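Heads up, the sequence shown is in this note's numbering, so the first residue is 1418 and it goes up one at a time.
Where a beta carbon is used, it is the ideal one built from N, C-alpha and C, also for glycine.
This one's a predicted model, so the numbers in the text were calculated from it and none came from an experiment.
The structure appears right after this line, and notes come after that.
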Amino acid sequence: MNFDLTDEHQMLQDSLRRFLKYSCNSKTRNEALSSETGVTSDLWHAMAEMGVIGAFFTEEQGGFGGTGADIALIFEELGRANIVSPFLDSALLSGRVLAAACELDRVADLIGGDLQLALAHGEPTSRYDLNYVRTTSVNGILNGRKAVVVNALASDVLIVSARTSGEISDEDGISLYFVEKDAAGLTIQDYALIAGGHAAEVTLDGVEGSLIGEEGKGFALLKDAYAIATVAQCAETLGAMTTATELTQEYLVTRQQFGRPIATFQALAHRMSDMLIEMEQARSAVIRAAGYFESDERTRDINIHAAKNLMGRAGRLIAEESIQMHGGIAMTQEYELAHIAKRITMADHRFGDTDYHLEKFMALTQP
């Protein structure tokens, strides 16, 4: 099977990698980390002008891509460059919800870089279950709490899930609403995330919302959006793992001990080989998950669960081995690996950890 990129994908990868190499560095990352919202608006608009956000959507939705391969390619480059940005949560996750709900005017604003979003769906007791929603809506008036709402403070509008009918864990009865940032009764408690960026605890106390799509049918929109976001998270982690591995290889060749590079020490060479093997397995899993995204739901989900489980295990090994083989320098603020290791580690907790996806995979593959 030919795994080479198409000409269009190769051009997109080359231009994006070149742009990120010269436009994003430790200085711009530290500026984002120290900013009030954790986001640099210049990068957001520059990426929108390049058409990067448009690649998240199909032509019918106003974009020019939208396949698993398009999205995986972009997020691998973002992870490789260790970009602190809201593209995953604001552009992809929230944007795909809007596109599925046929809110194409808002999608057009998003693609143009004129709109930032935040999806407020997870709750303090929901763990990773998308169907668990305690927040209620009565005639469009929302009451409840949302947890770890990424990009909430920097967003222009929130997308909030609330239950209009059914029990707490029912898939039916979940509706989605637009909530304006200045809405009465809305409280946003912002904080910085370990891996970069900001999130918030959101409290809704009699907040007025505007219905998105059909009432009670929001779960299907959320499930599809979270599925492609999980593929993107795997690809982003793969990019970060690639950079961590390259930094480690470079360090082993450069660092000398007893008059020779430490890369020549057999114990370190074996550990480096283990890292490279894990990298190949991880890359294969991401390619498979992206390639099967357009398949039937069961096949799609089996491959996504398998990939996310593998990325969690492989990422932990890459992060730990990279730090141990570097020594103390790996944990300094000025060295890129320290930030990448945190990013890889925390990625396992986005959209379900290794145990969660193993359980889901087993449930789908039972005879």
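>> Taking only three categories from DSSP, how would you classify Q1683?
In response: The count along the sequence shown starts at 1 and reaches residue 1683 at position 266. Residue state, collapsed to three classes: helix.
> Is the CB-CB distance between V1567 and G1633 below 8 Å?
Replying inline: Taking the first residue of the sequence shown as position 1, residue 1567 is located at position 150. Taking the first residue of the sequence shown as position 1, residue 1633 is located at position 216. No, they are not a contact pair.
>> Suppose you measure from the CA of E1711 to the CA of T1484; what does that come to, to the nearest Å?
In response: Locating residue 1711 in the sequence shown gives position 294, counting from the first residue. Locating residue 1484 in the sequence shown gives position 67, counting from the first residue. Each residue's Cα considered, the two are about 7 Å apart.
> The beta strand (DSSP E) with E1625 in it runs from where to where?
Replying inline: Here residue 1625 refers to the residue found at position 208 when the sequence shown is read from its first residue. That run of the beta strand (DSSP E) goes H1615 to E1625.
> According to DSSP, which residues form a beta bridge with V1577?
Replying inline: Counted from its first residue, the sequence shown places residue 1577 at position 160. Note: V1577 sits in a beta bridge opposite A1537 and Y1594.
> Taking DSSP as the reference, what is the three-state secondary structure of R1551?
Replying inline: For this step, residue 1551 is matched to residue 134 along the sequence shown. Three-state result, R1551: coil.
> Comparing alpha-carbon positions, which option in F1675, Q1750, I1757 and T1662 lies nearest L1693?
Replying inline: Taking the first residue of the sequence shown as position 1, residue 1693 is located at position 276. Ranking the options by Cα distance to L1693, first place goes to T1662.
>> On the DSSP letters alone, give me the boundaries of the alpha helix (DSSP H) that D1431 sits inside.
In response: In the sequence shown, counting from the first residue as 1, residue 1431 sits at position 14. Looking at the DSSP string, the run of the alpha helix (DSSP H) that includes D1431 is D1424 to S1440.
>> According to DSSP, is R1599 part of a helix, a strand, or is it coil?
In response: Walking along the sequence shown from the start, residue 1599 turns up at place 182. Here the sequence assigns Asp to residue 1599, which means Arg is not the residue at that position. Coil at D1599, not helix or strand.
> Quick one: what's R1562 bridged to in DSSP?
Replying inline: Counted from its first residue, the sequence shown places residue 1562 at position 145. DSSP lists T1620 as partners of R1562.
>> Restricting to runs no shorter than 4 residues, where is the alpha helix (DSSP H) found entirely within the segment 1685 to 1759?
In response: 1714 to 1743
> Which partner residues does R1523 have in the DSSP bridge list?
Replying inline: Working through the sequence shown from its first residue, we reach residue 1523 at position 106. Note: R1523 sits in no beta bridge, so no partner.
>> If contacts are defined as beta-carbon pairs under 8 Å, then N1754 and E1653 qualify, I think. What distance do you get, rounded to the angstrom?
In response: Looking up residue 1754 in the sequence shown gives position 337. Looking up residue 1653 in the sequence shown gives position 236. According to the sequence provided, residue 1754 is Leu. The question's Asn does not apply to it. Not confirmed; about 16 Å, so no contact.
> What are the start and end residues of each continuous alpha helix (DSSP H) run of 4 or more residues lying completely inside the segment 1467 to 1500, in chain order?
Replying inline: 1485 to 1497
> So A1699 and L1664 are in contact, right, with Cβ under 8 Å, and what is the actual spacing, rounded?
Replying inline: Here residue 1699 refers to the residue found at position 282 when the sequence shown is read from its first residue. Here residue 1664 refers to the residue found at position 247 when the sequence shown is read from its first residue. Not really, about 17 Å apart at Cβ, beyond 8 Å.
> What's the C-alpha gap between E1477 and H1426?
Replying inline: Residue mapping note: residue 1477 aligns to position 60 of the sequence shown, counting from 1. Residue mapping note: residue 1426 aligns to position 9 of the sequence shown, counting from 1. Taking the straight line joining both Cα atoms gives about 20 Å.
>> For a quick check, are the C-beta atoms of I1735 and E1695 less than 8 Å apart?
In response: Mapped onto the sequence shown, residue 1735 falls at position 318. Mapped onto the sequence shown, residue 1695 falls at position 278. Closer than 8 Å, so yes.
> Whose C-alpha, out of M1689, G1708 and T1553, is nearest the C-alpha of D1622?
Replying inline: For the purposes of this step, residue 1622 is taken as residue 205 along the sequence shown, with counting starting at 1. Nearest of M1689, G1708 and T1553 to D1622, Cα basis: T1553.
>> Suppose the cutoff is 7 Å on Cβ atoms and the five residues either side in sequence are ignored; what does the same chain contact list for L1685 look like?
In response: Numbered from 1 along the sequence shown, position 268 holds the residue referred to as residue 1685. Same-chain partners within the cutoff: L1669, I1679 and M1742.
> Helix, strand or coil: which one does DSSP assign to Y1545?
Replying inline: By one-based count along the sequence shown, residue 1545 stands at place 128. Three-state DSSP puts Y1545 in coil, outside helix and strand.
> For the putative contact between A1617 and A1569, defined by C-beta atoms under 8 Å, what is the C-beta separation to the nearest angstrom?
Replying inline: Mapped onto the sequence shown, residue 1617 falls at position 200. Mapped onto the sequence shown, residue 1569 falls at position 152. About 4 Å; that satisfies the 8 Å criterion.
> How is R1513 classed by DSSP in three states: helix, strand or coil?
Replying inline: Here residue 1513 refers to the residue found at position 96 when the sequence shown is read from its first residue. Three-state result, R1513: helix.
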